[in-house]
Structures are given as structure tokens and as C-alpha cells.
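Before any comments, here is the structure.
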Amino acid sequence: MNVIKRCIYGISIMSLTSMNVQCKSDKKTETPATTLEAKATDSVSIAKTPYGKTAKGEQVDRFTLKNHHGMEVNILTYGGIIASLKVPNKAGVSEEVVIGFNSLEQYTKANPYFGALIGRYGNRIAKGKFTLDGKEYSLAINNAPNALHGGPEGFHRVIWTAEEAKGGNAASLKLKYVSKDMEEGYPGNLTVFVTYTLNKNNTLDVQYEATTDKKTVVNLTQHSYFNLSADFTKPILDHEVTIDADKLIPVDATLIPTGQLTDVTNTPFDFRKAKKVGTAIEANDDQLKKGLGYDHCWVLNNQGKGDRFAASAYDAGSGRLLEVYTDQPGIQFYTGNFLDGTLPMRTGGTYAHRTGFCLETQHYPDSPNQKAFPTTVLNPGENYKTKTTFKFSVK
Ligand code: BGC
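Counting from 1, one number per residue, gives the positions in the sequence shown under my numbering.
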């Protein structure tokens, strides 16, 4: 099997003659073969397939990024959605680890942001209102009484244009969307690029860039729901989670920050040492009651130091470990509390309560109305630039 695989990899980088050399030399170790093999197994591919048309007749494509270490990611130009993400378990078997649907139609119907890019403002803005330079802006109230995730269409229901790039050890998909001045109520024409890069070493980088022609607010994130067990009938309560945060942003009953930052010590929100999600999720705790579980933004440690470790999740059964790195100040850990068994799984059945979790790197919720929080304002001439890495391995 190995011999066959290696020969197939070889096709892209070698002539037929040298490929034969590779195949033969696989049986015996020879220096040139090792070099060729290293090159071949490092390459990451990207391929495009038409995925369908929306009801409005817009063409949607699907891009498949694939490496030789069992990782495969499918991304749609609709919403920049990660529709599928396969990674190996400890036995080397590659399986699906994100919640998703099996048709475009389903994504265009009720979709609680499965796999989607979120913007222009990820998370909630209180009462859908904020003020910039004395002018008040009003957003759609799509999560009463607040605005959530950029509005009803946001960036998760729009078509992104796509450009592919392949550079040996990595393949990238650069998505672009221009959000018009006052679209979803936000000021300024905002040009957004999101680049997904799959590396040979099972990491998926998500790079966000944006510029505006008028003062606006921006907070972009990725909304994949993970279940590292690959068994989507199973709640994620056994996953062992770490969040590198000493502080939490407590919320009111409508999930808007109270404005304080509280210490996580001796609370169900202390994930500084790995802890099963289920350990304290049902604890008698005011914040857990408000979130109906975990649905909060943590204040990440080591702020202002660029990319650093933010969080991890480990599923002992499969051995899969997900580590999240980011330069963002916060991370929303959402335990799929609103999944209620109404949305269809890819293979039949429905997604039940807490069968997926999200780790959404971001600025703090409602920052435009919270003067003490780091700013989310973007001015003309400034570049919004941030990066999040999802790194998969087994242990
Ligand atoms: C929010 C949840 C919300 C979910 C949408 C999360 O980012 O924090 O409150 O229900 O997105 O499915």
C-alpha cells in the first residue's frame, strides 16, 4: 500500500522515469529516493468542484485542501464555510471532526453558523446599537434583544470570491468579500480577505485582513463546531479542554458583558488545567445558567505578544488533540447548548444537544459599547490583520 501511495504522490513531482526509480527504490533505501519521498509527502493539494447554486442562482464552489498526513478540509465559497474537516485518530484513521450538512440547500436554510466565517462583528452587540463619532448606528436584532454575528446575512450567507495558491508544503484558499457601506447597518465599504492555509503538518491557519473607507467596527471569527470523537451522536462532554485564561467576561441574561472581568479561580470557568467539559457544566452557577452551559468569552493570557497558545481540546477515545493559537484577546467557548436535535446530520439522524463545541477567537463581545474593552474600531488607512491556527495531532 505504501509503495502504491508513494508512487502516486510521485506523479506530480517527477517524470515517469524517475517515478519508476522511486517505486523501485522504495523497497530498498537509497539516498535519492528519501529526498524525493520527502518532497512528495510534503506536498499539499487544492482542488475546486462546483457545489451548487443558491436559490438566487449564485454559483457556489467547494475547494478541497488535502495533505499526505490524513488531513482534508472542504471549504465553500458560500459563507467561507468549512463544510468538512477530516483528521486522523491515534490509529491513523482519518475521520470527520466538524459538524456540517450534506447539501448547499441545507446551509442556506436554518444554519446556526456551522463552519462559517463570521463578520462584520462576531458575537453580540447590545440592543443592536453603537455610536461612532457621535453618530448612532442600528443593526438588525437577530438574537433578541441584541445583534449577533454580523446580522441575518452577515458574512456567513454571502458568496466569497476565491483564489487558490499552492506552495509545496502548504495550499491556501484566499477568499474575498466586499461588504458595502451600511450593509447590515455597518458604516464603510469593508474589503475583507480570509485565507485558509493547510500545511503538511496538520495545521489549518486562518488569516483575516480588512480595510475600510469609513470608520467602522470589525471582529471576525470562524464558527466551526468540533467533535473530535468523530461520533456526532455523542455529546462533547468528555473532551478535555484547556483555556489559557485567568479571567472571564461575565454576561447578563441576554449574554451581553456586564463590563467586569472576573477571576476564574474556583469557578467552573477555570480551564487553565485540562478539564472535561462535562465536569462542571451542570454546576449551580449563575453564569452557567445564563449561558445554558458554556457560551462565554474568556480573556486570554499573554495579550499583545502576537500569536500564542489559546486553548486546546483532547478526546481520549480517538486520541485527537486540537490546539488553537491566536493573536486575538479573547476566545468564545460555546458548547452547542442551542443544538436541539432539529438539524440533520450528514448521514441521517439529527445533531443533538452539545454534540459540538466552538472555539471562536475574537475581540470581546459588545466592544463597541464597552469603553474599557480593547477597541474594535477600524479607521480608513488601517489594516485589520489577525491570525488563528488550528493544529491537530494525536496523543
Ligand atoms: C454564540 C451562541 C450562539 C451561537 C449560534 C455562538 O457564537 O455564542 O450564543 O447561539 O453562536 O449558534
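Backbone N, C-alpha and C fix where the C-beta goes; we use that ideal spot for every residue, glycine too.
According to DSSP, is residue i helix, strand or coil?
i    : result
Q287 : helix
N111 : coil
L237 : helix
V97  : coil
E282 : coil
L148 : strand
G341 : coil
Q106 : helix
G52  : strand
S224 : coil
S318 : coil
P257 : strand
A91  : coil
V277 : helix
A126 : helix
D263 : strand
G330 : strand
S138 : strand
Give me the Cβ distance between residue i and residue j, rounded to the nearest whole Å; I'm assuming they're in contact under 8 Å.
i    : j    : result
L261 : V299 : 5 Å
C297 : Q332 : 5 Å
N143 : V44  : Contact flag wrong, Cβ pair sits at about 38 Å.
D244 : N202 : Not really, about 21 Å apart at Cβ, beyond 8 Å.
N266 : Q362 : Wrong, their Cβ atoms sit about 26 Å apart, outside the cutoff.
A126 : G259 : The Cβ separation is near 11 Å, so there is no contact.
Y137 : G185 : 6 Å
A171 : L65  : 5 Å
V405 : G319 : A question about residue 405 goes unanswered here, because the residues of the chain that appear run from 1 up to 395.
Look at the alpha carbon of residue i and the alpha carbon of residue j, and state the distance between them as a whole number of angstroms.
i    : j    : result
M182 : G381 : 19 Å
T221 : R157 : 14 Å
E58  : E163 : 17 Å
V377 : S367 : 9 Å
Y351 : T195 : 29 Å
E95  : I236 : 16 Å
V403 : F271 : What the structure shows of the chain is the stretch from 1 to 395, and residue 403 is not part of that stretch, so it cannot be assessed.
T386 : V324 : 14 Å
F309 : H239 : 18 Å
G349 : L339 : 13 Å
P88  : L321 : 10 Å
H68  : I46  : 12 Å
Y294 : V251 : 11 Å
F63  : G52  : 13 Å
Q106 : Q370 : 36 Å
L173 : L204 : 11 Å
Y121 : L139 : 11 Å
K273 : G306 : 22 Å
G70  : K90  : 12 Å
Inset, instruction - Say whether the stretch 202-217 touches the stretch 269-283, bearing in mind that this needs 3 or more beta-carbon pairs closer than 8 Å, one atom from each stretch. - result: Fewer than three beta-carbon pairs drawn from the stretch 202-217 and the stretch 269-283 are found closer than 8 Å, and the two stretches are therefore not classed as touching.
Legend entry - Inter-stretch contact at 8 Å, needing at least 3 Cβ pairs: the stretch 357-372 / the stretch 220-233: They touch, by the three-pair rule.
Legend entry - Stretch-stretch touch, CB-based, cutoff 8 Å, three pairs: the stretch 92-105 with the stretch 136-151: Counting Cβ pairs under 8 Å, fewer than three are found: no touch.
Inset, instruction - Check whether the stretch 116-125 touches the stretch 79-94, taking contact to mean three or more Cβ pairs, one atom from each stretch, closer than 8 Å. - result: Output reads yes: the stretch 79-94 touches the stretch 116-125.
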